Amino acid sequence: MKIQVLGSGCSTCRNLWEAAKVAASELGIKDEVEYISGQEGIQKIIEFGIMQSPVLVIDGKPVMVGFTPDIEEIKKIIQENS
Amino acid sequence: MDIFYPLQKIADFLTFSLLGLKENTHLAQSLNFFVYDSIKIFILLLVINYLMAIIRYFIPTEKIRDFLTKRRWYGFDYFLASAFGVITPFCSCSSIPLFVGFLSSGIPLGVTLAFLITSPLVNEASIAVFIGLFGLKITLLYVFSGVVLGMIGGFFLGKMGLDKEIDETIRKVIENGKLNQRLEIETKKLPLLVLLKQFWLEGWSLTRKIFVYVLIGVGLGALIHGFVPVGFFEKYLRNSSFWSVPLAAILAMPLYSNAVGVIPVMEALVQKGVPFGTALAFMMATVGLSLPEALILKRVMKTKLLVSFFAMVTLGIILIGYLFNFFSVKI
């Protein structure tokens, strides 16, 4: 499974990345959670037609937009989309 | 009766009884202000952030975009976009996806800019702090002037024919985006209790994140309250409402701060005799005209558009400052 966090490099995006890493490790997922930021991250968000940052992407599909501090919520989203 | 009266009691108890400070010393006054204002703003922030989390859930940005493109609005769209700018939380890192997203769904440049102008100027956190420090009437005036500034600024920028002044690669993305089918992120219906918890978590995390800035701002404000003599600025700024407004706006530009940190300082300065319009111009310029924001927007805007955008916002802020001073809005 490929988990990615897209962002422009702001602190909110980084927070989501941290939260996603915790969620993934708690679920026993060994794959690394990828963080794509800066110009590349923005480009990808635009390509998806999304207007907010950050975005949580699983296997190339955006599954969550915006930030949530709720790790359980992120775990649920990862499980539902894997 | 003032609904915050119990808080004053708590602040009095802490400073005068518990710490045993003499009531009319500078230190006691500063501390009293600090305790009272921090608790009050904290409560307001929690309430307003919670309400905003609910609004945001029901009106996500995608919905706003669809709403704006569904029909012709004949100019009313400037108002809608600007008003939406108030209710959406604005993290400057979202400004590029948002800018591109609006344009590629066919929303005119001027309307998009109206949104971009208002969003950082007026937001949920600044409204909470404003109510806490200035009361409801001044807060409404502040929100109103922010929305009008976005509308008028966006309108004139839209008429200036700046559509070619968008970065080439971004323009291609926008053109392609207009052809593409929009990707839908489905939102599942969640049970009410889960939602309520989610709103709470979101509101709480927002409040926690910005409360540090509130504490710093209120702390600085409290120092001014306690140690700067009443009428101090009046002495130096007499009849100065004319030149002090542009000066305040220009001085504020290189400063980058969170709105919630500047407002308490602004309130303290007003109490000590700085004209309200001047202080408001200073606050709006700090949050609306920041260098980091400019650097982010530079990635999508060519210099001419970026300069026009900032010049228009500066002009608007100065005008608002003059208007408030002219009608000598008193708090």
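Taken in sequence, the protein lines are chains P and R.
Those letters in the first sequence? Residues 221 to 302, per the numbering used here, in order.
Those letters in the second sequence? Residues -11 to 319, per the numbering used here, in order.
The beta-carbon is built from N, C-alpha and C at its ideal position, and this holds for glycine as well.
Keep in mind the model is a prediction, meaning the values are calculated, not measured.
Closest Cα partner of G89 (chain R) within the set R:T3, R:L145, R:I52: Within the second sequence, residue 89 (chain R) is the residue found at index 101, counting from 1. G89 (chain R) has its Cα closest to that of R:I52, out of R:T3, R:L145, R:I52.
For K28 (chain R), count the other beta carbons within 10 Å of its own beta carbon; 16 or more makes it buried, fewer makes it exposed. Which is it? In the second sequence, residue 28 (chain R) corresponds to position 40, counting from 1. That one is buried.
Could you name the residues of the stretch 265 to 280 of chain P whose beta carbon sits closer than 9 angstroms to any beta carbon of chain R, in the order they occur along the chain? I265, I266, E267, F268, G269, I270, M271, Q272, S273, P274, V275
Let me check understanding here. Comparing Cα to Cα, which of P:K264, P:A244, P:I265 lies closest to K222 (chain P)? Position 2 of the first sequence, counted from the start, is the residue given in the question as residue 222 (chain P). Here the closest residue by C-alpha is P:A244.
Whose CA, out of R:L285, R:I251, R:L257, lies closest to the CA of H213 (chain R)? Locating residue 213 (chain R) in the second sequence gives position 225, where the first residue counts as 1. Nearest C-alpha to H213 (chain R): R:L257.
Span separating the alpha-carbon of L236 (chain P) from that of G8 (chain R): Translated into the one-based positions of the first sequence, residue 236 (chain P) becomes position 16. Translated into the one-based positions of the second sequence, residue 8 (chain R) becomes position 20. Their backbone Cα atoms lie some 46 angstroms apart in a straight line.
Going by beta-carbon coordinates alone, are V295 (chain R) and V275 (chain R) separated by less than 8 angstroms? For the purposes of this step, residue 295 (chain R) is taken as the residue at position 307 of the second sequence. For the purposes of this step, residue 275 (chain R) is taken as the residue at position 287 of the second sequence. In this structure, V275 (chain R) does not lie closer than 8 angstroms to V295 (chain R) by Cβ.
Is any beta-carbon of chain P found at less than 8 angstroms from that of V88 (chain R)? As a first step, residue 88 (chain R) must be located in the second sequence, where it is residue number 100. Yes, V88 (chain R) lies at the interface with chain P (some Cβ there is under 8 angstroms from its Cβ).
Could you work out which residues of chain P lie near P85 (chain R), taking near to mean beta carbons separated by less than 7 angstroms? Position 97 of the second sequence holds residue 85 (chain R). Result: I262, I265, I266, I270, M271, Q272, S273.
To test your reading of the DSSP string, which unbroken alpha helix (DSSP H) runs of 4 or more residues are found completely within the stretch 109 to 183 of chain R? Restricting attention to alpha helix (DSSP H) runs no shorter than 4 residues, the stretch 109 to 183 of chain R encloses them at 112 to 122, 124 to 147, 156 to 167, ordered along the chain.
Residues of its chain near E163 (chain R), where Cβ-Cβ distance is below 7 angstroms and the 5 sequence neighbours each way are ignored: The count along the second sequence starts at 1 and reaches residue 163 (chain R) at position 175. Nothing meets the Cβ criterion.
Y255 (chain P): first and last residue of the uninterrupted beta strand (DSSP E) it sits in: Start at 1 with the first residue of the first sequence, and residue 255 (chain P) comes out as number 35. Its beta strand (DSSP E) spans residues 253 to 256.
With a threshold of 8 angstroms between beta carbons, is S228 (chain P) in contact with chain R? Taking the first sequence and counting its residues from 1, one reaches residue 228 (chain P) at position 8. Interface residue (Cβ-Cβ distance to chain R less than 8 angstroms): S228 (chain P) is classified as such.
Could you give the distance in angstroms between the alpha-carbon of L283 (chain R) and the alpha-carbon of G134 (chain R)? For the purposes of this step, residue 283 (chain R) is identified with residue 295 of the second sequence, where counting begins at 1. For the purposes of this step, residue 134 (chain R) is identified with residue 146 of the second sequence, where counting begins at 1. Between L283 (chain R) and G134 (chain R), the C-alpha separation is close to 23 angstroms.
For D290 (chain P), go through chain R and note every residue whose CB falls closer than 8 angstroms to its CB, in chain order. Here the question's residue 290 (chain P) lines up with position 70 in the first sequence. Going along chain R in sequence order, the residues near D290 (chain P) (Cβ under 8 angstroms) are Q186, L189.
Counted within 10 angstroms of its Cβ, other Cβ atoms place T291 (chain R) as buried (16 or more) or exposed: Against the second sequence, residue 291 (chain R) aligns to sequence position 303. The residue is exposed, with fewer than 16 neighbouring Cβ atoms inside 10 Å.
Decide if S83 (chain R) is buried, meaning its Cβ has at least 16 other Cβ atoms within 10 Å, or exposed. For the purposes of this step, residue 83 (chain R) is taken as residue 95 along the second sequence, with counting starting at 1. S83 (chain R) comes out buried.
If we cut at 8 angstroms on Cβ distances, does S296 (chain R) have a partner in chain A? The displayed structure is made up of protein chains P and R, and chain A is not among them.
Anything in chain P within Cβ reach of T49 (chain R), meaning under 8 angstroms, just list it in chain order. Reading the second sequence from its first residue, position 61 is the one you call residue 49 (chain R). Correct list: M271, Q272.
On the DSSP bridge assignment, give the partners of K281 (chain P) in chain order. Residue mapping note: residue 281 (chain P) aligns to position 61 of the first sequence, counting from 1. Per DSSP, P:I278.
Give the interface partners of G165 (chain R) over in chain P, defined as CB-CB distance under 8 angstroms, in chain order. The sequence position of residue 165 (chain R) within the second sequence is 177, counting from 1. Neighbourhood of G165 (chain R) in chain P, by CB distance below 8 angstroms: I266, G269, in chain order.
Return yes when the Cβ of S257 (chain P) is within less than 8 angstroms of the Cβ of G280 (chain P), no when it is not. Start at 1 with the first residue of the first sequence, and residue 280 (chain P) comes out as number 60. Start at 1 with the first residue of the first sequence, and residue 257 (chain P) comes out as number 37. Cβ atoms of G280 (chain P) and S257 (chain P): not closer than 8 angstroms.
Extract the residue ranges of the beta strand (DSSP E) inside the stretch 235 to 295 of chain R, only unbroken runs of 3 or more that lie entirely within it. none
Which residues in the same chain as E203 (chain R) place their Cβ atom closer than 7 angstroms to its Cβ, once the five residues preceding and following it in sequence are excluded? Locating residue 203 (chain R) in the second sequence gives position 215, counting from the first residue. Here residue 203 (chain R) is Leu; the residue named in the question, Glu, does not match the sequence. Taken in chain order, the residues that qualify are S26.
Assign T302 (chain R) to one of two classes, buried (16 or more other C-beta atoms within 10 Å of its C-beta) or exposed (fewer than that). Start at 1 with the first residue of the second sequence, and residue 302 (chain R) comes out as number 314. Classification for T302 (chain R): buried.
Kindly indicate which residue of R:D65, R:V110, R:P217 has the alpha-carbon position closest to the one of V262 (chain R). As a working mapping, residue 262 (chain R) is identified with position 274 in the second sequence. Of the candidates R:D65, R:V110, R:P217, the one whose C-alpha sits nearest the C-alpha of V262 (chain R) is R:P217.
Out of R:M139, R:A16, R:L33, which one is the CA nearest neighbour of F64 (chain R)? Counting from one through the second sequence, the residue named residue 64 (chain R) turns up at place 76. Answer by Cα proximity: R:M139.
With C-beta atoms as the reference, is T76 (chain R) less than 8 angstroms away from S107 (chain R)? The residue you call residue 76 (chain R) lines up with position 88 of the second sequence. The residue you call residue 107 (chain R) lines up with position 119 of the second sequence. The answer is yes: Cβ separation under 8 angstroms.
Grouping DSSP H, G and I as helix and E and B as strand, with all else coil, what is I223 (chain P)? By one-based count along the first sequence, residue 223 (chain P) stands at place 3. The answer is strand: DSSP assigns I223 (chain P) an E or B state.
Per-residue DSSP class, three states only, for R44 (chain R): Stepping through the second sequence from its first residue, residue 44 (chain R) is reached at position 56. DSSP places R44 (chain R) in helix when its eight states are reduced to three.
With 16 as the cutoff for other CB atoms within 10 Å, does Y24 (chain R) come out buried or exposed? Walking along the second sequence from the start, residue 24 (chain R) turns up at place 36. Flag for Y24 (chain R) reads buried.
Short CB-CB distance (under 8 angstroms) between R53 (chain R) and chain P: To locate residue 53 (chain R), count along the second sequence from 1; it is residue 65. Judged by the 8 angstroms Cβ criterion, R53 (chain R) is in contact with chain P.
Endpoints, the alpha helix (DSSP H) within which S83 (chain R) is located: Position 95 of the second sequence, counted from the start, is the residue given in the question as residue 83 (chain R). If you look at S83 (chain R), you'll find it in the alpha helix (DSSP H) that goes 83 to 92.
Going by C-alpha to C-alpha distance, which of R:P96, R:L211, R:A69 sits closest to L137 (chain R)? Here residue 137 (chain R) refers to the residue found at position 149 of the second sequence. Checked all of R:P96, R:L211, R:A69; the closest Cα to L137 (chain R) is R:A69.
Looking only at C-alpha atoms, which of R:P179, R:T127, R:A102, R:R59 sits nearest to F143 (chain R)? Translated into positions along the second sequence, residue 143 (chain R) becomes position 155. Comparing Cα positions, the closest option is R:A102.
Tell me the residue span of the alpha helix (DSSP H) that contains T49 (chain R). Along the second sequence, one-based indexing puts residue 49 (chain R) at 61. Per DSSP, T49 (chain R) belongs to the alpha helix (DSSP H) from 49 to 58.
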